[in-house]
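Trainee:
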Amino acid sequence: MSLSPTGALRHSGSLFAMALDVLRTMPRRPFQLREFIQQAWFVASVTILPTALVSIPFGAVIALQIGSLTRQLGAQSFSGAASVLAVLREASPIVTALLIAGAGGTAICADLGARKIREEIDAMQVLGIDPIHRLVVPRVLASMVVAVLLNGLVSVVGVAGGYFFNVVLQDGTPGAYLASFTTLAQLSDLWAAELKALVFGAIAAIVASYKGLTAKGGPKGVGDAVNQSVVITFMLLFVTNFVMTAVYFQIVPQRG
Amino acid sequence: MGVEICVEGLTKSFGHQVIWQDVSLTLPAGEVSVMLGPSGTGKSVFLKTLVGLLKPDRGSIRIAGQDITKLREHDLYEVRKLFGVLFQDGALFGSMNLYDNIAFPLREHTRKSESEIRRIVLEKMDMVGLIGAEEKLPGEISGGMRKRAGLARALVLDPEIILFDEPDSGLDPVRVAYLNQLIVDLNAQIDATFLIVTHDIASARQVPDNIGLLFRRELVMFGPREKLLTSDEPVVRQFLNGRMQGPIGMAEEKDAAQVEQELAQLGNGAHADSVSRTEMTPRLLPGPGITRPPRWQAIARREAELHPVHAWKGAGA
Numbered sequence: 001m002s003l004s005p006t007g008a009l010r011h012s013g014s015l016f017a018m019a020l021d022v023l024r025t026m027p028r029r030p031f032q033l034r035e036f037i038q039q040a041w042f043v044a045s046v047t048i049l050p051t052a053l054v055s056i057p058f059g060a061v062i063a064l065q066i067g068s069l070t071r072q073l074g075a076q077s078f079s080g081a082a083s084v085l086a087v088l089r090e091a092s093p094i095v096t097a098l099l100i101a102g103a104g105g106t107a108i109c110a111d112l113g114a115r116k117i118r119e120e121i122d123a124m125q126v127l128g129i130d131p132i133h134r135l136v137v138p139r140v141l142a143s144m145v146v147a148v149l150l151n152g153l154v155s156v157v158g159v160a161g162g163y164f165f166n167v168v169l170q171d172g173t174p175g176a177y178l179a180s181f182t183t184l185a186q187l188s189d190l191w192a193a194e195l196k197a198l199v200f201g202a203i204a205a206i207v208a209s210y211k212g213l214t215a216k217g218g219p220k221g222v223g224d225a226v227n228q229s230v231v232i233t234f235m236l237l238f239v240t241n242f243v244m245t246a247v248y249f250q251i252v253p254q255r256g
Numbered sequence: 001m002g003v004e005i006c007v008e009g010l011t012k013s014f015g016h017q018v019i020w021q022d023v024s025l026t027l028p029a030g031e032v033s034v035m036l037g038p039s040g041t042g043k044s045v046f047l048k049t050l051v052g053l054l055k056p057d058r059g060s061i062r063i064a065g066q067d068i069t070k071l072r073e074h075d076l077y078e079v080r081k082l083f084g085v086l087f088q089d090g091a092l093f094g095s096m097n098l099y100d101n102i103a104f105p106l107r108e109h110t111r112k113s114e115s116e117i118r119r120i121v122l123e124k125m126d127m128v129g130l131i132g133a134e135e136k137l138p139g140e141i142s143g144g145m146r147k148r149a150g151l152a153r154a155l156v157l158d159p160e161i162i163l164f165d166e167p168d169s170g171l172d173p174v175r176v177a178y179l180n181q182l183i184v185d186l187n188a189q190i191d192a193t194f195l196i197v198t199h200d201i202a203s204a205r206q207v208p209d210n211i212g213l214l215f216r217r218e219l220v221m222f223g224p225r226e227k228l229l230t231s232d233e234p235v236v237r238q239f240l241n242g243r244m245q246g247p248i249g250m251a252e253e254k255d256a257a258q259v260e261q262e263l264a265q266l267g268n269g270a271h272a273d274s275v276s277r278t279e280m281t282p283r284l285l286p287g288p289g290i291t292r293p294p295r296w297q298a299i300a301r302r303e304a305e306l307h308p309v310h311a312w313k314g315a316g317a
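Quick mapping for you: the protein sequence lines, in order, are chains A and B.
Reminder that position 236 of the first sequence reads as 236 in UniProt numbering, one-by-one numbering, no gaps.
Reminder that position 148 of the second sequence reads as 148 in UniProt numbering, one-by-one numbering, no gaps.
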């Protein structure tokens, strides 16, 4: 990757151009259903287990922090409310983002990069097939769908983990924990988190595909592409997360 | 019938490095042309520019009345359906077996039934001698087989233009001979326009109607085979005879004084050798059992006059 300002601008420009191409190509028939299902299955299979394993300690850490904080403040009855809110609003989209980018995105980038340097992509273009339509669109859609589902998984596992740690390890009251669930959190929090996950999935897959399809310079180029795709995706995801959260607080009235 | 490709004033550079400039040539419809050049002179880049994978800096490429350098991406995909390209390593899709690889263009572009696809695929696999290897993955077979599979895939859509990127690299001489025969047979059968990029002199002497030579960032010469084989141009002579004396050096090019000295030495001593090799090599003709179209009948007649002994074998079949 060139470090000159024009190089950086050119890369961002081509990345956005490809994102637009993906949007424009999305409605084109025939939809690559087979590729979509294969990719969705593939992304799901590389992310489900790590996601579950990451979200248990993530939910636990939040529960521990909030548990001790609420005890100091004498507000134990709110520990359930606070940990649900934290898991649902922030923890689950972030965990989803990390895993979609780290496990799904890298796999997509490495796969497309390897095809690129073996001239498979060129061969496909010569055979009159648009790789964006044939390969990228199904991957982007698959990654979006899986991200939304993963976000649900993380929420459930994270809340369950929080419950376990609060109730079993910190001697919280199960009834109070469950009863306070909806004092702060509301249904729109879940929708907002799912929307975030949808956008994160799209960004991760588009960046990974872009980096994969522009890989050059042999096997080392593929390694570099994967590395850069993870770094770029993380930066974009955290910025997007901040912006979406800020917008959410402006347009959705909060409880309490 | 093949399609004519008309290239004019084509220039390509990567950053400040000029690959070649002002390349103008016409690949006549239905004929076999070879593009020669030392390694690193941008032969593969030329091929990729012809199919629109790379955009040239200047110049035009007219195929079937359209300038493909000015086409939009979407129209480019339509024009590319005219092409069959054999990439250096075959460029097969690593995740599919050979059968699916070869069936891929048919499944994507046509509404043919599976049984019809099967018939076409097996016919092409038979043509390149790959029957029995349908279930193999590209990673499990030799480089020569990958090349032949790549060729079969390039052929399934009945292209008007076939481009070969170094069909002979990494193959043993016997397989190269078979491949050359296959190329000539194909040309007689399907009548497409062929362009072969290579640095194998033996193939270049036997196979094509036309030869071009890229060197020092430009097209040194392009014309009928006879013209180049008998040319006095130092670069052309050096390359077609595969000798060290001449303008082409190990790294890039030599200085003028050294070239003159070497050529003078060659004129005194090693003259006999170069004369014998510059002699016209007989052309490879379509094998027995291939019905020759009028163009090939004319070539065979001319060859019979030039090389009575050699042509006797071809005509007797």
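By construction, the Cβ of each residue, glycine as well, lies at the ideal position given by its N, Cα and C atoms.
#1: Taking Cβ-Cβ distances below 9 Å as the criterion, which residues of the region 124 to 155 of chain A are in contact with chain B?
#2: Should B/GLN206 go down as buried or exposed, given a rule of 16 or more other Cβ atoms within 10 Å for buried?
#3: Please return the same chain residues whose Cβ sits closer than 7 Å to the Cβ of B/ASP273, not counting the five positions on each side in sequence.
#4: Runs of 4 residues minimum, wholly inside the region 81 to 134 of chain A: which ones carry the alpha helix (DSSP H) assignment?
#5: Indicate whether at least one CB of chain B lies closer than 9 Å to the CB of A/ALA208.
#6: Go to B/GLY52, then tell me how far its beta strand (DSSP E) extends in each direction, as first and last residue.
#7: Relative to the alpha-carbon of B/ARG225, which residue among B/ARG217, B/ARG216, B/VAL236 has its alpha-carbon at the smallest distance?
#8: Does any residue of chain A bring its CB to less than 9 Å from the CB of B/GLN88?
#9: Ends of the beta strand (DSSP E) at B/ASP126?
#10: From the DSSP output, in three-state form, read off B/GLU303 for me.
#11: Between B/LEU71, B/GLU73, B/GLY84, which lies nearest to B/GLY2 when the distance is taken from Cα to Cα?
#12: In the DSSP assignment, what are the bridge partners of B/ASP168?
#13: By alpha-carbon positions, which one of B/ILE290, B/THR291, B/PRO105, B/ARG301 ends up nearest to B/ARG283?
#14: Alpha carbon to alpha carbon, how far is B/GLY139 from B/LEU122?
#15: By DSSP, does B/GLN245 sit in helix, in strand, or in coil?
#16: In the DSSP assignment, find the beta strand (DSSP E) that holds B/LEU10 and state where it starts and stops.
#17: Restricting to Cα atoms, I'd like to know which of A/THR214, A/VAL87, A/ALA44, A/ILE206 is closest to A/ILE121.
#18: Which residues does DSSP list as the beta-bridge partners of B/ARG80?
#19: Per DSSP, what kind of secondary structure is A/GLY217 in: helix, strand or coil?
#20: Quick one: Cα of A/SER83 to Cα of B/ILE117, how far?
#21: For A/GLU120, return the contacting residues in chain B, with the cut-off set at a CB-CB distance below 8 Å.
#22: Along the chain, where does the beta strand (DSSP E) that runs through B/GLU218 open and close?
#23: Please work out which residues of its chain come closer than 6 Å, Cβ to Cβ, to B/ASP200, disregarding the five sequence neighbours upstream and downstream, and give them in chain order.
Mentor: Taking the coordinates as given:
#1: Hits within the stretch, in order: MET124, GLN125, VAL126, LEU127, GLY128, ILE129, ASP130, ARG134.
#2: Buried is the call here.
#3: A caution first: B/ASP273 carries a pLDDT of 47, below 50, which makes its placement in the model too unreliable to give a value.
#4: Taken in chain order, the complete alpha helix (DSSP H) segments of 4 or more residues contained in the region 81 to 134 of chain A are 92 to 99, 106 to 117, 120 to 126.
#5: No, its Cβ sits nowhere closer than 9 Å to a Cβ of chain B.
#6: B/GLY52 -> no beta strand (DSSP E), and no H or E assigned at all.
#7: Nearest option by C-alpha distance: B/VAL236.
#8: At least one CB atom of chain A sits nearer than 9 Å to the CB of B/GLN88.
#9: B/ASP126 -> not in any beta strand (DSSP E); alpha helix (DSSP H) instead, spanning 114 to 127.
#10: B/GLU303: helix per DSSP, three-state reduction.
#11: The option with the nearest alpha carbon to B/GLY2 is B/GLY84.
#12: Per the DSSP secondary-structure output, B/ASP168 pairs with nothing in a beta bridge.
#13: Of the listed residues, the one whose Cα sits closest to B/ARG283 is B/ARG301.
#14: Going by the C-alpha atoms only, they are around 20 Å apart.
#15: Here B/GLN245 sits in coil by DSSP.
#16: Annotation: the continuous beta strand (DSSP E) that includes B/LEU10 extends over 5 to 14.
#17: With distances taken between Cα atoms, A/ILE121 lies closest to A/THR214.
#18: Answer is none; B/ARG80 lacks a bridge partner.
#19: Coil.
#20: A direct Cα-to-Cα measurement between A/SER83 and B/ILE117 gives close to 59 Å.
#21: Under the 8 Å cutoff, chain B gives ALA91, LEU92, PHE93, GLY94.
#22: That run of the beta strand (DSSP E) goes 218 to 224.
#23: Result list for B/ASP200: ASP168, in chain order.
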